[in-house]
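Input: a single structure, listed below in structure tokens.
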Amino acid sequence: MLARPQLSGVPRPMTTNLRIRRVVLYKHGVGYFERRGKVSGNDTLHLDFKARDMNDVLKSLTVLDLSGGSVSAVSYDSTKPLEQLLAEATIRIPEDGSLTALLGQIKGARVRVRVGGAQVEGSIIGLDSLAVASGETSLMRPFLSLLVGASLRTFDILDVSELEFLDEAVRKDLEFYLATVLSSYKKDSKRMAILTSGQGERELFVSYVVESPVWKTSYRILLDEGEPPLLQGWALVDNTGDEDWVDVKLSLIAGLPVSFVHDLYNPRYMKRPVVEVTTEAAAAPVIPEESFGSAGDMMMEQEMAAPMMSAMPAAAPMAAPRRSRAEKAMVGGPGRGGPSRREAMETSAAVTTLTKEVGDLFEYGVDRPVTVHRNQSALVPILHKPFEGKRVLLYNRATREKNPMACIELKNTTGLTLEGGPVTVSEDERYVGEAMLDTMKPNDRRFVPYAVELGCVVSIEDRTEDGPVFRVAVNSGMLVAEYFHVRRTMYLSRNKGQRAQVLYVEHPRQGWELAKDAPEPAETTDGFWRFKRELAAGAQDSLTVTERTRGQRQYLISSMGLDQVSYFVSQRFVDEKMAGALKEVVTQREQVDALAKDEQRLQEERNQLFRDQERIRSNIESLKSGASQRELADRFVSKLNEQEDRLEAIASELEKLAKQRQEAQKALNRRIQALSYTADL
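Residue numbers (the UniProt record's numbering): 1 to 681.
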């Protein structure tokens, strides 16, 4: 029988005894892991990671020898494919005949073999297959040939009980080949080796951050008549790794710290310029003068600084904060013959959660050890406390037009930050619905709707109108009358149930303001006013919400007539003084209009004269010679002369009218711009 070769003189690889002792899961998809274990002497410990996690591990790995030793190096698998690694190995072992194939590849290697009770050292010559008689037949058996001193000796392989390689290079090549083949069984796995240095048994600390599933929360709310409501919270954690979490200290952190992926695992190469070979004559060597600090001095300084740096303990990426113990909540159940669901809930899920708020992060620290096997998930209790709250109704027209939602008016009096998640609600030991809870800081107040309340019906009536003018202003040539658009929404609620209800009506805020006669809302949110109503059993309630928003009508003063001025006076938009000023403006504008009409009349006359002259000239050109024709032509020429005289007179009149109209328009504009008036009605 051939025993496994003893690789003496090589650091002994250990199956990792660095158990996971602490797990911290975050909401942004990473997990922080702490390991602790014992090492002795110069042990080498191995950790296996998924290939996709190597960048995170290399970015965050922290290794500390807590007992005075040191960590000499941390090595890890290359990024080369397995086939390429095996192709570069000096030893190759086939699937069949591994022993004979191995010994045939290492001719000349020194070995020590044990045959029977004797040990023999020598160099491998090779393997031979020799026929050995077995009864009436012969069998081919492998024989190992060794050069022992100056003699050649042959041993039956089946008689060799132990074979030890004495050449260190052969041992290392064989160990590399076997480790590479072993890693191929986990194609997505990369091995990391931690090389330690020290004396005796010591404690080693290792921490790192890798990608992890986001932890989730779910809640249960228990409502019992005459008892404060009870809130129970559970965290859902997933162990997708290849190692069990056994009795680990679990912490769950809510928040969004900065995190990213940076490629540290793949080798990087820099492109270098290619210098062409020249045919110039060789030059004498140049010796530059020495700088203030020589390279040798710098290397000595670095060598002296290196031990100091390695002796300094590196901080873990996320140290465990000190936390205070939260008060355990115990609420008595109703007196029935046997334990109620509430009592069972309290005894089965009694939780002590250690919490700590650090900046924008909030940590839930589970006080008891947690066990989650690999590729499994677990529900971990993180909260069990009474809270301040009650059952109410919440009506929102956009959610459901006819019925309000049954809600829990929840005030976070647990002292903890409640991470968002689904909520299952039980009332009087019966399931009554589900809801979603947003993240709540301590003392935050929220409505948690969990069911439609069919025992309450709501109807709505809308009406919109314009209110009276409440302000008039005259300025910059405009008269502006301001008024309110008024919108009235009436909510008619009917409670068909046998118990009194508290109803909150959410009325949308759409940029309007509440009118003076509107009821005061109980609270205001970014998008709603909430009005609180008390509904007696079987009773009705009416709520009218009146809103208003400003509107205005604008009148151009330069276009007003006396009838509009009279209307403004009748509506008391303006007083007598402003009315008189507006009438003067109207009179002055009418004068400007009259001048403009005179201009227009003269322009039309001039245009008609131009058309007549064109016709007359056309007639003159068509006349032939003769006494009668000459007489008609003289008549046309006389007519043209008369029209030219009139055109000259029209031009003079138009110039005069234009000047008068411009001066009148300027005076009118000055009068209009000088008008200023404001009145609240």
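Ideal Cβ placement from N, Cα and C applies to all residues, glycine included.
If you're wondering where the values come from, they're calculated on a predicted model, not measured in any experiment.
Legend entry - Cβ neighbours of Phe470 in the same chain (closer than 8 angstroms, five flanking residues each side left out): Glu482, Tyr483, Phe484, Asp680 and Leu681
Legend entry - Candidates His28, Ala579, Tyr219 and Glu644: closest to Lys385 by CA position: Tyr219
Legend entry - Nearest-angstrom Cα separation, counted from Cys456 out to Tyr677: 54 angstroms
Legend entry - Ser134, buried or exposed, once every other Cβ within 10 Å from all chains shown has been counted against 16: Ser134 is exposed by the Cβ-count criterion.
Inset, instruction - Whole angstroms is fine: what's the gap from Gln552's alpha carbon to His507's? - result: 26 angstroms
Inset, instruction - Within the same chain, show all residues whose beta-carbon is closer than 6 angstroms to that of Leu562, passing over the 5 residues directly before and after it, in chain order. - result: Closer than 6 angstroms at the Cβ level, and outside the excluded window around Leu562, lie Val586.
Inset, instruction - Express the C-alpha separation of Leu146 and Ala319 in angstroms, rounding to a whole number. - result: For Ala319, the predicted structure reports a pLDDT of 38, less than 50, and the residue's modelled location is therefore unreliable. The matter cannot be settled from this model.
Legend entry - DSSP three-state assignment for Phe573, whether helix, strand or coil: coil
Inset, instruction - Starting from the C-beta of Tyr431, find all residues in its chain whose C-beta is less than 8 angstroms away, skip the five residues before and the five after it, and write them out in chain order. - result: Thr424 and Val425
Inset, instruction - Could you tell me the distance, in whole angstroms, from the CA atom of Leu393 to the CA atom of Tyr491? - result: 14 angstroms
Inset, instruction - Report all residues from its chain with a CB closer than 7 angstroms to the CB of Arg606; omit the five preceding and five following residues, and keep chain order. - result: Leu647 and Ile650
Inset, instruction - Sort out for me which residues DSSP pairs Ile125 with in a bridge. - result: Partner(s): none; Ile125 has no beta bridge.
Inset, instruction - Spell out a yes or no on whether the region 203 to 215 and the region 388 to 404 are touching, meaning 3 or more CB-CB pairs, one atom from each, closer than 8 angstroms. - result: No: fewer than three Cβ pairs fall under 8 angstroms.
Legend entry - Local Cβ density within 10 Å of Pro404, reported as buried at 16 or more and exposed below that: buried
Legend entry - Nearest-angstrom Cβ-Cβ length linking Pro369 and Asp247, presumed shorter than 8 angstroms: 4 angstroms
Legend entry - Integer Cβ distance of Val472 from Phe573, believed to fall under 8 angstroms: 4 angstroms
Legend entry - Three-state secondary structure assigned by DSSP to Met578: The answer is helix: DSSP assigns Met578 an H, G or I state.
Legend entry - Residue from Val160, Leu256 and Pro228 whose Cα sits closest to the Cα of Asn412: Pro228
Inset, instruction - Would you identify the three-state DSSP class for Ile93, choosing helix, strand or coil? - result: coil
Legend entry - Among Asn495, Arg617, Arg463 and Lys532, the one whose alpha carbon lies nearest that of Arg548: Arg463
Inset, instruction - Whole angstroms is fine: what's the gap from Leu64's alpha carbon to Lys190's? - result: Taken atom to atom, the span from the alpha-carbon of Leu64 to that of Lys190 is near 22 angstroms.
Legend entry - Coil, strand or helix - Ile253 by DSSP: Strand.
Inset, instruction - May I ask you to list the residues that DSSP assigns as paired with Pro229? - result: According to DSSP, Pro229 bridges with nothing at all.
Inset, instruction - Could you tell me which of Asp612, Val275 and Asp48 sits nearest to Glu642, measuring between CA atoms? - result: Asp612
Inset, instruction - Could you check which residue in Leu174, Val113 and Val569 has the C-alpha nearest to that of Ala101? - result: Leu174
Inset, instruction - Compute the distance between the beta-carbons of Leu543 and Val505, then report whether it is under 8 angstroms. - result: yes
Inset, instruction - To the nearest angstrom, report how far apart Asp526 and Ala73 are at their CA atoms. - result: Rounded to the nearest angstrom, the two C-alpha atoms are 58 angstroms apart.
Inset, instruction - Report yes or no: do three or more beta-carbon pairs, one from the region 229 to 243 and one from the region 373 to 381, lie closer than 8 angstroms? - result: yes
Legend entry - Test item: CB-CB of Val569 and Arg661 under 8 angstroms: no
Inset, instruction - Just the C-alpha distance for Thr196 and Leu61, rounded to the nearest angstrom, thanks. - result: 15 angstroms
Legend entry - Three-pair Cβ contact test at 8 angstroms for the region 155 to 163 versus the region 16 to 30: no
Legend entry - Neighbourhood of Gly126 by C-beta distance below 7 angstroms, restricted to the same chain and skipping five residues each side: Gly104, Lys107 and Ser145
Legend entry - Span of the beta strand (DSSP E), counted from its first residue to its last, around Ser98: Where Ser98 is concerned, there is no enclosing beta strand (DSSP E), although the alpha helix (DSSP H) it sits in stretches over Ser98 to Gln105.
Legend entry - Burial state of Val286, where buried means 16 or more other Cβ atoms lie within 10 Å: In this prediction, Val286 scores a pLDDT of 46, lower than 50, which makes its location untrustworthy; no coordinate-derived value is stated.
Inset, instruction - Compare the beta carbon distance of Met478 and Leu556 with 8 angstroms and say whether it is the shorter of the two. - result: yes
Legend entry - Test item: CB-CB of Arg445 and Asp438 under 8 angstroms: It is not a contact, given that the beta carbons lie outside the stated cut-off.
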